[in-house]
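Just so you know, we're using my numbering here: the sequence shown kicks off at 191 and counts up by one.
Virtual Cβ for every residue (Gly too), placed ideally from N, Cα, C.
Note that the coordinates shown come from a computational prediction; the quantities given were computed from them, not determined experimentally.
Notes for the one structure printed next.
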Amino acid sequence: MQVGFRYPDLPVSKARDLIKSTVSSHQVTILSGQTGSGKTTQLPKMLLEIGAEGKGQIVHTQPRRVAAREIAARVAKEIGTEVGGEVGYQVRFEEKLGPQTKLKIVTDGILLSEIRRDPLLRRYGAVVIDEAHERSLNIDFLLGFMAKILPRRPDLKLVVTSATIDSEKFKSFFESALGQEVPIISVEGKTYPVEILYEPYGSPEALCETGVFKSQDLDPAQQVARAAIEEITFDREGDILVFASGQREIEEFSEAIEKALPARYREEVEILPLFARLGSKDQKKIFAPHAKRRVVIATNIAETSLTIPGIKYCVDPGTARVSRYSRSSHIQRLPVEEISQDRCDQRAGRCGRESEGIAIRLYSEEDYLSRPRYSEPEILRTDLCQVVLHMIFSGVARSVEEIEGFQFLDKPNMRDFLSALRELEDLGAVKVERETIKLTRTGYLMADLPVDVRLARMVVEAEKYGPRILAQVLAIVSFFSVNDIFRESAEEPEKAKRMQKMFQDPSSDFLSALNLFYFLFESDGKSLRKKCAAFFLSYQRAYQWKELFSQLSSVLRQRKTEVGRVLPESEEDGGEEERTRFRWDGERVHLSLLPSLLQNIGRLEEPKDKKDRRISYRGTKGIKFEVSPASALYKKKAEWVAAAYLQDTTRLWARGVGQVRPEWIEASAGRVGKYRYSAPVWSEGAGCAVTKRTLSVYGLDVMQKTVSAKALFPAESRRLLACALASGEVKGFAGDGFVKENLKVLSEAEEEAARNRTGFDASSLEEFYQERLPEDVVDVRSLMDWQKRDPSSKAALRFRVEKKRDEEMYPGFANVAGASLPLSYAFSPSDPLDGVTLHVPLPLLSKLEQKDIPIPPGYRPELALSALKALPKKIRMQISPLSSAAKEVEKEMAKKGEFFSSLSGFLKERYSILDPIDWGEVKGKISPYLVCNISVERWGKRKEVLEVSKDLKKLKEKYVPVEEVERAERVESEVESLKRSGKVLEAGKVLEEAGLSKRRDEVILEGLLEKCHVPEERLLSLFSPKERLLLCSLEDKKDLCRDIERKAALSLLPSLPKGEEEFYFAQDLLHRRLESEALEIGKAYLNIAQKKNEVVRKASSSPLSMLSTVDEVRNHLSSLSSKEALFKMGPQEAREIPRYLEADLLRLKKAKTNASRDRQWSAQAREAKKIAEKLQGGEKEKEARKMYEEFLISLWAQELGSKEKASLERLKKLNS
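If you want it as structure tokens, here you go:
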């Protein structure tokens, strides 16, 4: 490469020695050059001359592809080489580079993508960021990256060029980042004087009469046309540049000018559009030599990026379409807004590049002066998802703090970053754990794809459905990344619309894109250019579409992912000559797209006014939108739709729309889907309790299903099962005989009571079933399973009705074996438990003797007569009449002793009966209910009946050894066993008897929380994502939730229960109030986290002179907010911590102004701490700790007010 280049006569050329020496001696240089100075084309040559590329290349960024291509061509021509040799360019879908390339012109997006793979840009020796004054998102992001890279690459040169006078901002930014001087070189622009004419809408100048326009109000297009035609007719020389806000406005202005242009000028004037997506061929027309006068109607691309030759007049309406992103609704708005002063000046400067010019502003001078001096940077008004994902992927930010600390020229509000982070979480791209942000596998795959994050998420989801669906989704993603493939025709507008509609799938614009892709690239070998021409499609856009598809496919194949071909299921006729519609697997395609489109779903909404014919949809977060007229679903009443994006222009339009089903939305909802449930009810058909589950996505109700309630509401499901069993609504299953039997027992008992005019204690069947059913029996299926696995379930489900009794005749307890044991009575003739039953706990069974078996006084008359009647006839004759003998026997029964032994002695003594009697035969003839049943049981939370029998001997042989083995078990083993069985109180009692009271409290609390547990997800859902991030900065999620729940329980229960009644009361209390109390404790923790962050930030920003104070504050902060400290403190203490931390903040503030007083108070605080630390354990430790904190407040934060008197003397007294 030659060493010296020739430079044209431009202002920047005169300063080339200064520029070269400054760049050589400084790492960063700011080059401020007015429009026309030549900085964009001449600076690259200067860098080549000084060898700024080093061992690499010089990379020169441009905001737009058009400018990158044109600048590369211009520089290559001036140094005498071809594009692709020493000078090359790279833009999306296109590059011209070679092995000899030293200077590479790229779009800023290309350089950003290179930073992902090369974080320190080691392939480059110099970087030029051109047009930095535009402050696009990419430019601001690049500036932030360069501020981070440069300290680590001292050999890397950076030149920032700006066309505005706001260079000081760039200078301060880089001087702050590098800690070294950053020079500014200002170059005057090669411009000629420009006369500014103000002709606001409705002004006399704007309403002046011409041959076309009369004195009447003109619309904006007409006024633009009037201004342009006035210059055409007034002066025969010089072209006219008209600024427009977008392509539609370009068309409106063009049409107005053509319509109003006098006939004699039509052959002399040509009207040309210019916008960023214009094809290369049409763009080149703008810069080619021409004979006719031109009216160039351009978007803001003509403000700075390109210099259009021959421009003498400029018409500026003073507006531009500005992209603004709504963080709350996630909608991209494109309002037309007034531009800033610097942009107005840029536009005016375009007509003074080659000669004196005239700028006509269609607004007043007062309006101009009232506008902001500079434009608002794009980063302050755009979606930050891509920025945040890029920061995390490139490693510059791994936490919320690092995101907040990233250096931006103008830092966006942290709420915007957090909103983007939440959306990335919703997309499954990141996972926030405590203070760390981690990319998920999905996030890594998304970051690797050069498309919008939501489109990238579609690709990741499509991988689940195989190579074929993946290829189809890639085609859709590429289509919506390129866009604008359809072009309009001024000559044949209706034909163009008709031909383009041939590709429309009636149910989905996404499938329409597949129709078009297959037709263009897969269906036959016809020329792509010919197909595009025939169907009024942009060849350039179609080419870019296929290029992006190939690029994405290549990225996937590099990570060993198979990508199939875009092939339909079958073809459908789309016309006589061409097949343009095909059948696709719409369900799997839309399932791949939906995770990215959940914010853009909508449900058809009937209009309130019947006259309103608009078809609108109720969207997420309360929005309302309509389907774009360009969509295949326009004017179709699809029940549910999902849109590629929502755009707010004249209305809120859904663009790129597909018909979807609620089931698809549910399958795709993931973490953003929220369920709510109705109160459970019993379903006889389902055999279980059911609830109505409603799915909502971002506040929009999607679908409602009836689902089993057993997993969601087990306690209520069990109650409803008991209620259904009691009412006979459960039947028709194996083992359902007890249902009818129990209803029959209840009916017979009622009849018997009515016949004998006696009452009975008829416990409701519902209460009976609730008592007897195990906790895991919640529906018919689990009831049948229990019956199969537990033979004793049959006896447990037999219902018995207790008769109303006289307490004296039918006592409720009997004194047996030194204990008062319960007696129960039942009227159930078919049940072995009919009559009276003695309930014996297993540990007392070994002490029970036959003589101890009670006979209630009410049973004695009938038992005496029944026993005498069962004697042999020979004996009965000797004691006749039996009724008199029965009365004497009844009196004898009141004495101690076993009944039949007493009866035998009575007969011998009273009637001298010596004949042997078979008492076994006698017992067999007595009514069974008159002989006491013995129920051997384990007592705990719920009694477990081991066996019921009238044979005491048999029971003792079977169960006494078991009782002795259980008693011999080790205490901890027994406790664990009891805990697993749910017998928390028994476990606590065992521990208490063993002298382990502290352990007993832990077991009781664990048992209560096991029953009343608030799931982590539920607890965290009570807080916003930002609040969850703050909370998880204190502890990891699992420990945090467990700690909050534990403190909430202790807050509600000042003392832990010891008895069963207290336990169930505590359980009921926690069921009702644990969640709300956990929220309060969580709020206290949130306050702690917020104050902690404030203290950390304040301490970090304190000067070195306060180092000892900062160390003490940090130690104090750790003692209050560390994981261990939080676990140890009680609920009330947690609520006080923010006060104590506020005192730390006040100390840091006051120490700056009075360091000597801080040192004096610090000595007192250290002495108080030593005194407090001497008290370990018990209530005194808590009291000392509290007094110590209040003492610190009395020193540094008197304005907070102490809640109790605290001093060194009081602490010493407490320690004495």
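Tell me where the beta strand (DSSP E) around H1467 begins and ends.
The structure shown has nothing for residue 1467, since the chain only spans 191 to 1406.
Let's test the definition: count the other Cβ atoms within 10 Å of the Cβ of R927 and tell me whether it reaches 16, buried, or not, exposed.
By 1-based counting over the sequence shown, the position of residue 927 is 737. Arg is not the amino acid found at residue 927; the sequence shown has Gly there. By the neighbour-count rule (16 or more Cβ atoms within 10 Å), G927 is not buried but exposed.
Taking the continuous alpha helix (DSSP H) assigned at A723, which residues delimit it?
Residue mapping note: residue 723 aligns to position 533 of the sequence shown, counting from 1. Counted as a single uninterrupted DSSP element, the alpha helix (DSSP H) harbouring A723 occupies residues L718 to A724.
Enclosing beta strand (DSSP E) for E460 [first to last residue]:
Locating residue 460 in the sequence shown gives position 270, where the first residue counts as 1. According to the DSSP assignment, E460 belongs to the beta strand (DSSP E) that extends over V459 to L464.
If we ignore side chains and look at the alpha-carbon of each, how far apart do S898 and E874 end up?
On the sequence shown, residue 898 is found 708 positions in, with the first residue counted as 1. On the sequence shown, residue 874 is found 684 positions in, with the first residue counted as 1. Distance between the alpha carbons of S898 and E874 is about 12 angstroms.
Classification of F923 by the beta-carbon crowding that lies within 10 angstroms, buried from 16 upward:
Translated into positions along the sequence shown, residue 923 becomes position 733. By the Cβ-count criterion, F923 is exposed, with fewer than 16 other Cβ atoms from all chains shown falling within 10 Å of its own Cβ.
Looking at S222: is its Cβ nearer than 7 angstroms to the Cβ of S326?
Position 32 of the sequence shown, counting from 1, holds the residue named residue 222. Position 136 of the sequence shown, counting from 1, holds the residue named residue 326. Taking a C-beta distance under 7 angstroms as the contact criterion, S222 and S326 do not qualify as a contact pair.
Is the region 336-349 close to the region 296-314, with three or more CB pairs under 8 angstroms?
Three or more Cβ pairs closer than 8 angstroms define a contact, and the region 336-349 meets that threshold against the region 296-314.
Which of helix, strand or coil does DSSP assign to A834?
Taking the first residue of the sequence shown as 1, we reach residue 834 at position 644. In the three-state reduction of the DSSP assignment, A834 falls in the strand class.
Who are L885's beta bridge partners in DSSP?
One-based indexing of the sequence shown puts residue 885 at position 695. Note: L885 sits in a beta bridge opposite Y865 and M893.
Residue environment, F181, which counts as buried when at least 16 other CB atoms sit within 10 Å
Any question about residue 181 goes unanswered here, given that the chain covers just 191 to 1406.
Using a threshold of 7 angstroms, state whether the C-beta atoms of A732 and N790 are closer than that.
On the sequence shown, residue 732 is found 542 positions in, with the first residue counted as 1. On the sequence shown, residue 790 is found 600 positions in, with the first residue counted as 1. Their beta carbons are not under 7 angstroms apart, which means A732 does not touch N790 by this criterion.
Count the other CB atoms, across all protein chains shown, that sit within 10 Å of the CB of H1261; report buried if there are 16 or more and exposed otherwise.
For this step, residue 1261 is matched to residue 1071 along the sequence shown. The residue in question, H1261, is exposed, as its Cβ has fewer than 16 Cβ neighbours within 10 Å.
Alpha carbon to alpha carbon, how far is E1082 from S1092? Give it in angstroms, no decimals.
As a working mapping, residue 1092 is identified with position 902 in the sequence shown. As a working mapping, residue 1082 is identified with position 892 in the sequence shown. As the crow flies, the alpha-carbon of S1092 is around 7 angstroms from that of E1082.
Alpha carbon to alpha carbon, what distance is there between K882 and M893?
Position 703 of the sequence shown, counting from 1, holds the residue named residue 893. Position 692 of the sequence shown, counting from 1, holds the residue named residue 882. When rounded, the distance between both Cα atoms is 10 angstroms.
Going by the beta-carbon positions, is the gap between K1115 and A1060 smaller than 7 angstroms?
Within the sequence shown, residue 1115 is the residue found at index 925, counting from 1. Within the sequence shown, residue 1060 is the residue found at index 870, counting from 1. Contact: yes.
For A905, is the classification buried or exposed, using 16 other Cβ atoms within 10 angstroms of its Cβ as the cut-off for buried?
As a first step, residue 905 must be located in the sequence shown, where it is residue number 715. A905 is exposed by the Cβ-count criterion.
Within 6 angstroms: the Cβ of R561 and any heavy atom of the ligand MG?
Absence of the ligand MG from the depicted structure is noted, as is the absence of any ligand whatsoever, leaving it without description.
Beta-bridge partners of E385, as assigned by DSSP:
As a position in the sequence shown, residue 385 is number 195, starting the count at 1. When DSSP reads this structure, E385 sits in a beta bridge with I548.
Assuming S858 contacts P785 (C-beta within less than 8 angstroms), just tell me the rounded distance between them.
Here residue 858 refers to the residue found at position 668 of the sequence shown. Here residue 785 refers to the residue found at position 595 of the sequence shown. Yes, they are in contact, since the Cβ atoms of S858 and P785 sit about 5 angstroms apart, within 8 angstroms.
Are the region 375-392 and the region 227-243 touching by the rule of at least three beta carbon pairs closer than 8 angstroms?
These segments touch.
Whole-Å CB distance - L387 paired with I550, under 8 angstroms assumed:
Locating residue 387 in the sequence shown gives position 197, where the first residue counts as 1. Locating residue 550 in the sequence shown gives position 360, where the first residue counts as 1. So it is a contact: roughly 5 angstroms between Cβ atoms.
Is there contact here, the region 320-337 with the region 196-208, by at least three beta-carbon pairs under 8 angstroms?
no
On a CA-only basis, which of T251, E684, S584 and D600 is nearest A637? Give me that one, please.
Start at 1 with the first residue of the sequence shown, and residue 637 comes out as number 447. Ranking T251, E684, S584 and D600 by Cα distance to A637 puts S584 first.
Nonlocal neighbours in the same chain, by C-beta distance under 7 angstroms from S1010, ignoring five residues either side:
Translated into the one-based positions of the sequence shown, residue 1010 becomes position 820. For S1010, where only same-chain residues beyond five positions count, the Cβ hits under 7 angstroms are F1003.
Using DSSP with H/G/I as helix, E/B as strand and the rest coil, what is P1001?
Taking the sequence shown and counting its residues from 1, the one referred to as residue 1001 is at position 811. Reduced to three states, the DSSP call for P1001 is coil.
Buried versus exposed, by CB contacts within 10 Å (16 or more), N1005:
Taking the sequence shown and counting its residues from 1, one reaches residue 1005 at position 815. Exposed, because fewer than 16 other Cβ atoms sit within 10 Å of the Cβ of N1005.
Could you check how far apart the C-beta atoms of V1026 and L1058 are, in whole angstroms? I think they sit under 8 angstroms.
On the sequence shown, residue 1026 is found 836 positions in, with the first residue counted as 1. On the sequence shown, residue 1058 is found 868 positions in, with the first residue counted as 1. Incorrect: roughly 20 angstroms between the Cβ atoms, too far for contact.
Helix, strand or coil for G1025? Go by DSSP, reduced to three states.
Taking the sequence shown and counting its residues from 1, the one referred to as residue 1025 is at position 835. It is a strand residue.
Give the range of the alpha helix (DSSP H) segment to which Y558 is assigned.
Locating residue 558 in the sequence shown gives position 368, counting from the first residue. Start and end: E555 to S560.
So is T840 buried or exposed if we call it buried at 16+ other beta carbons inside 10 Å?
The sequence position of residue 840 within the sequence shown is 650, counting from 1. Under this definition T840 is an exposed residue.
Taking one C-beta from the region 1237-1247 and one from the region 1320-1327 each time, how about it: are there three or more such pairs within less than 8 angstroms?
yes
Simplified DSSP state of E276, which is helix, strand or coil:
Taking the first residue of the sequence shown as position 1, residue 276 is located at position 86. Note: E276 maps to coil in three-state DSSP.
Length of the line joining the Cα atoms of F958 and E1137:
Translated into the one-based positions of the sequence shown, residue 958 becomes position 768. Translated into the one-based positions of the sequence shown, residue 1137 becomes position 947. The alpha-carbon atoms of F958 and E1137 are separated by roughly 19 angstroms.
7 angstroms Cβ cutoff met for D969 and K900
Residue mapping note: residue 969 aligns to position 779 of the sequence shown, counting from 1. Residue mapping note: residue 900 aligns to position 710 of the sequence shown, counting from 1. Going by C-beta atoms, D969 is nearer than 7 angstroms to K900.
Is the region 613-623 in contact with the region 571-581, if contact means three or more CB pairs nearer than 8 angstroms?
yes
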